[in-house]
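In what follows, a single structure is set out as structure tokens and then discussed.
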Amino acid sequence: MAEQRQVLGDWKQGEAIAQSGRGLTWTDTAGAANGGNCYNCHQISKEEISFGTIGPSLYNYGKIRGVSDPASAAAKPIVEYTWGKIWNAKAYNACSNMPRSGHMGNLTEQQIQHVMALLLDPASPVNK
Ligand code: HEC
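All the letters of the sequence shown, read from the start, carry residue numbers 382 to 509 under our numbering.
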């Protein structure tokens, strides 16, 4: 895995990715960036009006886990778990309904870094 500090991208871009279902439907144009579709199964922020509940709420994800500095040694286990979960949810739970975004190539590493920031950056609306 990359140096821990580089694992977090920009939460604003992460939010756009999490809210986008692009790439998972037949109407998509080839070549457009895929979305993470996270909102379809998770609550992500307080502002959302509709979201799916197949997965647990991700609101306050980093805050609940006590992440005040995602680059710190203390945050390392949760950073690694979160990365692994988004990359390949079935590595932790073989029956997981969650798509294996990285493993299946739906999201790029950089897109996952942005989604990581959305979940773990204390400045992200997820942790407000
Ligand atoms: C098809 C539904 C679905 C989609 C889409 C989905 N997830 Fe999930 N997710 C789940 C389910 C179900 C669980 C809980 C069961 C499990 O562990 O797999 C979960 C668990 C998680 C967890 C672990 C939560 C915890 O408390 O340990 C994280 C983090 C997560 N998802 C992030 C994401 C992100 C980020 C995206 C978008 C890139 C996403 N999920 C898209 C269904 C989904």
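Every residue, glycine too, gets a C-beta built ideally from N, C-alpha and C.
Scanning its chain for C-beta atoms nearer than 8 angstroms, with the 5 sequence neighbours on each side dropped, one finds around W392 the residues H495, A498, L499, D502, A504, S505, P506 and V507, in chain order. In terms of side-chain proximity, the C-beta atom of T489 is found no nearer than 7 angstroms to any non-hydrogen atom of ligand 1. With a threshold of 7 angstroms, the Cβ atom of V496 counts as near ligand 1, since some heavy atom of the ligand is closer than that.
The DSSP-derived three-state label of H495 is helix. Straight across, the Cα-Cα distance linking W464 with S431 is about 25 angstroms. When the beta-carbon positions are compared, Y420 and A399 come within less than 8 angstroms of each other. With a threshold of 7 angstroms, the Cβ atom of K466 counts as near ligand 1, since some heavy atom of the ligand is closer than that. Closest in C-alpha terms to T489, from the list Q394, N415, G402 and L389, comes N415. P451 counts as buried, since at least 16 other C-beta atoms from the protein chains shown sit within 10 angstroms of its C-beta. Spanning the alpha carbons of K427 and Y440 requires a straight line of approximately 7 angstroms. Between the alpha carbons of I435 and A454 lies a distance of about 32 angstroms.
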